[in-house]
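Undergrad: Supplied in structure tokens, the structure appears directly below.
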Amino acid sequence: MEITTKYNPVEVEDRLYAYWMENGFFNSDPDEREPYTIVIPPPNVTGVLHMGHMLNNTIQDVLVRRARMLGKNACWVPGTDHASIATEAKVVAKLREQGISKDQLTRNEFLKHAWEWKEKHGGIILEQLKKLGASCDWRRTRFTMDEKLSEAVIDTFIYLYNKNLIYRGVRMVNWDPVSKTAVSDEEVIHKDVNSKLYYLSYPIVGENKSLTIATTRPETIMADVAICINPNDERYADMKGKKVYIPLINKEIPVIFDEYVTMDFGTGCLKVTPAHDVNDYALGIKYNLPVIDIIDNDGRLNQKAQILVGEDRFAARKKIVRMLDDAGLLIKTEDYKSNIGFSERTDAVIEPKLSMQWFLKMDEISKPALDYVLSGDVKLIPDKFKNTYKHWMENVRDWCISRQLWWGQRIPAWYLPDGNFVVAKTVDEAFNLAQKKYNNIKIDELRQDEDVVDTWFSSWLWPVSVFDPSVCGHPEIAGNADLNYYYPTNDLVTAPEILFFWVARMIIAGHEFRGKAPFSNVYLTGIVRDKLGRKMSKSLGNSPDPLKLIEQYGADGVRVGMLLCSSAGNDILYDDSQVEQGRNFCNKIWNAFRLVKSWNVEQIPQPDYSAKAIEWFNSKFNKTLKEIYDNFDKYRISEALMNAYKLFWDDFCAYYLEIIKPSYGAPVDKSTHTATLAFFENLLKILHPFMPFITEEIWLILNDDKKENKTVMLSQQPKPYGFDEKIVDTFEQVKDIIINIRALRQSKNISPKEYLDLFVKGDIDLSFTSVLMKLANVSKIEKTDNSIENASSFIVGTSEYYVPVGNKIDLDEELEKLKKEVEYTKGFLASVNKKLSNEKFVNSAPENVVVSERKKQSDAESRIKILEENIARLQSNNI
RNA sequence: GGGAGCAUAGCUCAGCUGGUUCAGAGCACCUGCCUUACAAGCAGGGGGUCCUUGGUUCGAAUCCAUGUGCUCCCACCA
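Position one of the first sequence corresponds to residue 9 (the numbering used here), numbered consecutively onward.
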């Protein structure tokens, strides 16, 4: 096969993914090995891959592939979320394009369209994940509205209802008067709007005075049920027990007192309108006030308003202001900026509207979920999110689980004509229940609740339901083999913004139904932003198309690019240059492979430098491998990748290969070649979780002759074993000498091809001389007790090195260099001396710190001695 | 309004329980190289008051406090 100069990922990636799939490498079934499990945060079924998915799923794939190579039974369960709001909105929009409005359809007709849409567009995102190389067990793909998973949701609802944890209650919803539906908070866009604050006069009953209140919504005064004043407000101390008239309709309402009212806003008097304001509703409950709803579903005033009936709310506002003004009850008008919600879909101003909703009591049920995180049984990475989590869980509010939508699991509540209801799985069961509780019920009188449950009410079951949905709502069931083997899972990789919506609730559900938290670690990724720090969004057009990136740079390149700059919990600022770096790294690996592959191997003696290089790299490799393991343990994935990157590029390519590389056309000895291949394969294994395609491709080519071993790479990760720290350190000094000589060549304009001599005064470890000679192109290395004339010198460690450069020597320059060096070393010595002469330091610093300071002291002293001798010598020569 | 976090090289970030003159990495930048693995490369190099001001300590990028500037989450005042 032809091996191209440049690595070509496009050709390789599809072929290898197909190969992996054919061989079932990603499949997992319970066995005697230790399981490693990740459930995917299910993307929206109709979604398309964006950069956030790329980051999130790359990290999961790295973790899964690594676990698999560590010999664990790794299982990554993929799937999609029905995402009721988002999907329903998309289907509605699609139908609208076809000229069909949702109101024209029955529930079943609409759902038929929705399922068609899902069949057509669902799963696109999963296909896209394959391009990234995601090693999911695709046989296990789940969808939150699969029959069994939906049943699990219904059973869970019934279970919690029977435990008295679910109740019906009134709640303010965001009402869109144009589409005549409630919309979720996520679908409300808040904008700052210039509006007016109207000061209105409410006459006091039985007196000739009045109270002035400030409001932005004068059209709702007919729904007022009280005026509220802060009890600490001395201006109104005499208002206790009094009543006022609502202007225009002259209805008497009481004055009440509550500290909720801010004294310095407006006049300090608040009109209480429970039907049209959330806070007022709460006040209404507290003081047992009536609720008067004067606005209909289409945004028009109704009969209860008494005046302006049938007028649109905004028209009514204008008219009532004029009426109040005419009546002399409008005191003044102020400009005011208020934050108003608009419907994302229709741009209508959202009307807060009271409606009956279903709630889950959270106070008791959420306690264990708090404990798991506080005790560390569930670790958040990074742990800074622990505080946020704690704060939220300690102030948790009941969860509104009903949504006024059709796409989702329908609430299993059945209403009787009189408004009573029963909760049951089927209409037959509901009928049985209803008959027991209430008499003379006919089955066709039962009407099921129109609403569906919140999407999170299905996805909170995900880590359980993907394995065995039947235990949801049935904690007494033992569960199937899959569940007992894979649950609890290991790591969850998700975004911090859904820590509460999803993560906390999964812990609650997992505890409720299995008595165990669903995972041990939660790795929280950041948000992918553009390089200016802006969130990626369609409207800004600043989000690159991930598939195009993959085509351009290769999946491995994109993966590396994303990983390099993504520490846990921090946002990543995406820039093409990162992905370029990833692509370049692929090319580097490819070319190293080409070099190794090109060698002729012969039975010739092994050069000393090769033996030394092998010895050194073996230690360096294992040292780095240990660092990589440590970084993985701490979930420092980008650091682990950087370790591997530098090991490959800087150590393996720039040093190891350069040392052992034979001159053009010359053969390589057998044992060096064998060792090199072994190193190369181990490097491929380390890199495989990050860059699965290129590593697999090279591995397959290298092992072309052992077909039966083709799965070896995917199942093994090298383990770090002992390494010789001293060899690594000594080699660092050798590198230092090489760098000095190379720098000297550059400054003196000496060609890399020209041989130089090297003299050493002081101790030198001679074990790497052959390496030194090759890389620095030195023809001889000699020890000397005397200084060398016409030589440039430098110090490494405590030894001095001389390179004779003949008439290229510049004594002034050399002197200057030495003087700088001695000055620096003296400063260094002074700081060390200062510490050591400080009794408090010597007494209170730990032993090893003092010892290392003493060593520094003596090293610096001997350096200064050498330098000063040299300076003296050069000065006397220079005269 | 409540809560949390961040501030280190031009950029993105490391710096774990204070202790090497501790100020690091990658990218970018500058200089010299088309040296038969690789110009998507090779070799060498420059670059920072660790946000301000105090405090604790023998010793602070690291711990504490204040100020400033950003970011996020929750609740949103008529």
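For glycine and all other residues, C-beta sits at the position ideal for the given N, C-alpha and C.
Any idea if threonine 632 is buried or exposed, counting beta-carbon neighbours within 10 angstroms, 16 or more meaning buried?
TA: Within the first sequence, residue 632 is the residue found at index 624, counting from 1. The residue in question, threonine 632, is buried, as its Cβ has 16 or more Cβ neighbours within 10 Å.
Undergrad: Decide if proline 483 is buried, meaning its Cβ has at least 16 other Cβ atoms within 10 Å, or exposed.
TA: Here residue 483 corresponds to residue number 475 of the first sequence, with the count starting at 1. Proline 483 comes out exposed.
Undergrad: Compare the C-alpha of leucine 819 against each of Glu797, Ile257, Met370, Lys834 and name the closest.
TA: Walking along the first sequence from the start, residue 819 turns up at place 811. Nearest of Glu797, Ile257, Met370, Lys834 to leucine 819, Cα basis: Glu797.
Undergrad: Quick one: is histidine 90 buried, meaning 16 or more other Cβ sit within 10 Å of its Cβ, or exposed?
TA: The residue given as residue 90 occupies position 82 in the first sequence. Per the 10 Å Cβ criterion, buried.
Undergrad: Opposite methionine 364 in the DSSP bridges: which residues?
TA: Position 356 of the first sequence, counting from 1, holds the residue named residue 364. According to DSSP, which records beta bridges pairwise, methionine 364 is partnered with Val178.
Undergrad: Please say whether lysine 628 and serine 951 have beta carbons closer to each other than 9 Å?
TA: No statement about residue 951 is possible, as the shown extent of the chain runs from 9 to 887 and does not include it.
Undergrad: What are the complete beta strand (DSSP E) segments, minimum 3 residues, inside the segment 415-447?
TA: Runs found: 421-423, 429-431.
Undergrad: Can you tell which of Ile197, Arg225, Glu588 has its C-alpha closest to the C-alpha of threonine 354?
TA: Position 346 of the first sequence, counting from 1, holds the residue named residue 354. Checking every option, the nearest Cα to that of threonine 354 belongs to Ile197.
Undergrad: Under three-state DSSP, which class holds isoleucine 612?
TA: Position 604 of the first sequence, counted from the first residue, corresponds to residue 612. Coil.
Undergrad: Please report how far the alpha carbon of arginine 147 lies from the alpha carbon of isoleucine 133, in whole angstroms.
TA: Position 139 of the first sequence, counted from the first residue, corresponds to residue 147. Position 125 of the first sequence, counted from the first residue, corresponds to residue 133. If I take the Cα positions, the gap works out to 16 Å.
Undergrad: Here's the rule I'm using: 16 or more other beta-carbon atoms within 10 Å means buried, otherwise exposed. How should asparagine 64 be labelled?
TA: Residue mapping note: residue 64 aligns to position 56 of the first sequence, counting from 1. Its Cβ being crowded by 16 or more others within 10 Å, asparagine 64 is buried.
Undergrad: If you reduce the DSSP assignment to three classes, tell me which class leucine 413 lands in.
TA: Locating residue 413 in the first sequence gives position 405, counting from the first residue. Coil.
Undergrad: Does DSSP put lysine 199 in a helix, a strand or coil?
TA: For the purposes of this step, residue 199 is taken as residue 191 along the first sequence, with counting starting at 1. Strand.
Undergrad: Return the chain-ordered list of same chain residues with a C-beta closer than 7 Å to the C-beta of proline 376, the five sequence neighbours on each side being excluded.
TA: Stepping through the first sequence from its first residue, residue 376 is reached at position 368. The answer, listed in chain order, is His519.
Undergrad: Rounded to a whole number of angstroms, what is the C-alpha to C-alpha distance between glutamate 453 and proline 50?
TA: The count along the first sequence starts at 1 and reaches residue 453 at position 445. The count along the first sequence starts at 1 and reaches residue 50 at position 42. Approximately 39 Å, taken between the alpha carbons.
Undergrad: Which partner residues of cysteine 236 appear in the DSSP bridge assignment?
TA: Taking the first sequence and counting its residues from 1, one reaches residue 236 at position 228. BP columns for cysteine 236 point to Ile264, Leu278.
Undergrad: For leucine 337, collect the residues of the same chain with a Cβ closer than 7 Å to its Cβ; drop the 5 residues on either side in sequence, then sort them by chain order.
TA: On the first sequence, position 329 is the one that residue 337 refers to. Excluding sequence neighbours, leucine 337 sits near Leu208, Ser209, Pro255.
Undergrad: Quick one: is glutamate 227 buried, meaning 16 or more other Cβ sit within 10 Å of its Cβ, or exposed?
TA: Residue mapping note: residue 227 aligns to position 219 of the first sequence, counting from 1. Glutamate 227 should be labelled buried.
Undergrad: Ordered along the chain, which non-local residues of its own chain (more than five positions away) have a Cβ less than 7 Å from that of valine 269?
TA: Taking the first residue of the first sequence as 1, we reach residue 269 at position 261. Only Cys236, Ile237, Asn238, Gly276, Leu278 meet the Cβ criterion.
Undergrad: Which parts of the segment 485-516 are runs of the beta strand (DSSP E), unbroken and 3 residues or longer, counting only runs that do not cross its ends?
TA: Correct list: 499-502.
Undergrad: Does DSSP put isoleucine 803 in a helix, in a strand, or in coil?
TA: One-based indexing of the first sequence puts residue 803 at position 795. Note: isoleucine 803 maps to strand in three-state DSSP.
Undergrad: Decide if proline 425 is buried, meaning its Cβ has at least 16 other Cβ atoms within 10 Å, or exposed.
TA: Residue numbering aside, residue 425 sits at position 417 when the first sequence is read from its first letter. It counts as exposed.
Undergrad: Flag this pair as touching only if the segment 581-594 and the segment 564-571 have three or more C-beta atom pairs under 8 Å; answer yes or no.
TA: With the cut-off at 8 Å, the segment 581-594 and the segment 564-571 touch.
Undergrad: Could you tell me the alpha carbon to alpha carbon distance between lysine 433 and lysine 524, rounded to whole angstroms?
TA: In the first sequence, counting from the first residue as 1, residue 433 sits at position 425. In the first sequence, counting from the first residue as 1, residue 524 sits at position 516. Roughly 27 Å between the two C-alpha positions.
Undergrad: How is methionine 9 classed by DSSP in three states: helix, strand or coil?
TA: For the purposes of this step, residue 9 is identified with residue 1 of the first sequence, where counting begins at 1. Residue confidence for methionine 9 is low, a pLDDT of 48 falling below 50, so the modelled location carries little weight; the figure read from the coordinates is stated next. Coil, per DSSP.
Undergrad: Looking only at its chain, what residues have a beta carbon closer than 7 Å to the beta carbon of phenylalanine 429, apart from the 5 residues adjacent to it on each side?
TA: Numbered from 1 along the first sequence, position 421 holds the residue referred to as residue 429. Closer than 7 Å at the Cβ level, and outside the excluded window around phenylalanine 429, lie Ala421, Trp422, Tyr423.
Undergrad: Just mark cysteine 480 as buried or exposed, buried being the case when its beta carbon has 16 or more other beta carbons within 10 Å.
TA: As a first step, residue 480 is located in the first sequence; it is residue number 472 there, counting from the start. Classification of cysteine 480: buried, given that the 10 Å Cβ count is 16 or more.
Undergrad: Could you pull out every residue in the same chain whose Cβ sits closer than 7 Å to the Cβ of isoleucine 162, ignoring the five residues on either side in sequence?
TA: Along the first sequence, read from residue 1 onward, the residue named residue 162 stands at position 154. Result list for isoleucine 162: Gln417, Pro420, Lys433, in chain order.
Undergrad: So isoleucine 328 is in the alpha helix (DSSP H); what residue range does that whole segment cover?
TA: In the first sequence, the residue the question calls residue 328 occupies position 320. Unbroken alpha helix (DSSP H) run through isoleucine 328: 321-334.
Undergrad: Quick one: what does DSSP say tyrosine 763 is sitting in, helix, strand or coil?
TA: In the first sequence, counting from the first residue as 1, residue 763 sits at position 755. The answer is coil: DSSP assigns tyrosine 763 none of H, G, I, E or B.
Undergrad: Taking DSSP as the reference, what is the three-state secondary structure of proline 43?
TA: What you label residue 43 is simply residue 35 of the first sequence in a count that begins at 1. Proline 43 falls in the strand class under three-state DSSP.
Undergrad: Taking the straight line between their C-alpha atoms, what separation do you get for glutamate 689 and aspartate 69?
TA: For the purposes of this step, residue 689 is taken as residue 681 along the first sequence, with counting starting at 1. For the purposes of this step, residue 69 is taken as residue 61 along the first sequence, with counting starting at 1. The straight-line gap from Cα to Cα measures roughly 20 Å.
Undergrad: For serine 363, which residues in the same chain have their Cβ closer than 6 Å to its Cβ, ignoring the five residues on either side in sequence?
TA: Walking along the first sequence from the start, residue 363 turns up at place 355. Val181.
Undergrad: Taking only three categories from DSSP, how would you classify asparagine 529?
TA: Sequence index remark: in the first sequence, residue 529 carries index 521 (1-based). It is a strand residue.
Undergrad: Classify tyrosine 582 as helix, strand or coil using the three-state DSSP reduction.
TA: Within the first sequence, numbered from 1, the residue matching residue 582 stands at position 574. Coil.
Undergrad: Helix, strand or coil: how does DSSP classify glycine 130 here?
TA: Walking along the first sequence from the start, residue 130 turns up at place 122. Glycine 130: coil per DSSP, three-state reduction.
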